[in-house]
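**Q** No gaps in the numbering here: position 60 of the sequence shown is 117 in the working numbering, and each next residue is one more.
All C-beta atoms, glycine included, are put in the ideal place defined by N, C-alpha and C.
A quick note: this is a predicted structure, and the numbers were derived from the prediction, not measured.
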Amino acid sequence: MNEIDEMLSLYGLSEKRSILRLLDDFQDEVEIKEYCWKVLRTYPDLKKEAWLIGLEGGDYIYSFEGHYVFITDDIWSFNLIAMKPVLKLLVEKIKALKASGE
58 MNEIDEMLSL YGLSEKRSIL RLLDDFQDEV EIKEYCWKVL RTYPDLKKEA WLIGLEGGDY
118 IYSFEGHYVF ITDDIWSFNL IAMKPVLKLL VEKIKALKAS GE
């Protein structure tokens, strides 16, 4: 088991699902990244729980309202992985934010 798999297992994210396939109407990962961070930062209790940093970016576990998300954020790609109910919550907020023009 590598370090990322260990992080996912420790935070109950082994049954990982990506937010990318749920936001296929967005232009690209850059746009998805922008909206994901805008939504995540609306949670006052957002906390970085664990991380692995590399030269080009890193892999992170964040928590908010008792939920955990795994984020890969480097110079080439972005992805957010969470359990299905958390993804649904975030996708709804992201789509609403985009529709509002913010």
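For the beta strand (DSSP E) containing lysine 105, list its first residue and its last residue.
**A** Looking up residue 105 in the sequence shown gives position 48. Here the beta strand (DSSP E) through lysine 105 covers 104-110.
**Q** Taking all protein chains shown into account, decide if isoleucine 89 is buried (16 or more other Cβ within 10 angstroms of its Cβ) or exposed.
**A** Against the sequence shown, residue 89 aligns to sequence position 32. The residue in question, isoleucine 89, is buried, as its Cβ has 16 or more Cβ neighbours within 10 Å.
**Q** Is the separation between the beta-carbon of isoleucine 132 and that of glycine 114 shorter than 8 Å?
**A** Position 75 of the sequence shown holds residue 132. Position 57 of the sequence shown holds residue 114. Yes, the pair counts as a contact, with Cβ atoms nearer than the cut-off.
**Q** Measuring alpha carbon to alpha carbon, tell me which of Ser120, Asp85, Trp94 ends up nearest glycine 69.
**A** The residue you call residue 69 lines up with position 12 of the sequence shown. Measuring from the Cα of glycine 69, the nearest candidate turns out to be Ser120.
**Q** Does the beta-carbon of aspartate 194 have 16 or more other beta-carbons within 10 angstroms, so that it is buried, or is it exposed?
**A** The displayed coordinates of the chain run from 58 to 159. Any statement about residue 194 would go beyond what the structure contains.
**Q** What are the start and end residues of the alpha helix (DSSP H) that includes isoleucine 128?
**A** In the sequence shown, the residue the question calls residue 128 occupies position 71. Here isoleucine 128 belongs to no alpha helix (DSSP H); instead the beta strand (DSSP E) covers 124-131.
**Q** Taking the alpha-carbon positions, what's the leucine 200 to leucine 67 distance?
**A** The structure shown does not extend to residue 200, since the chain is modelled only from 58 through 159, so no value can be given for it.
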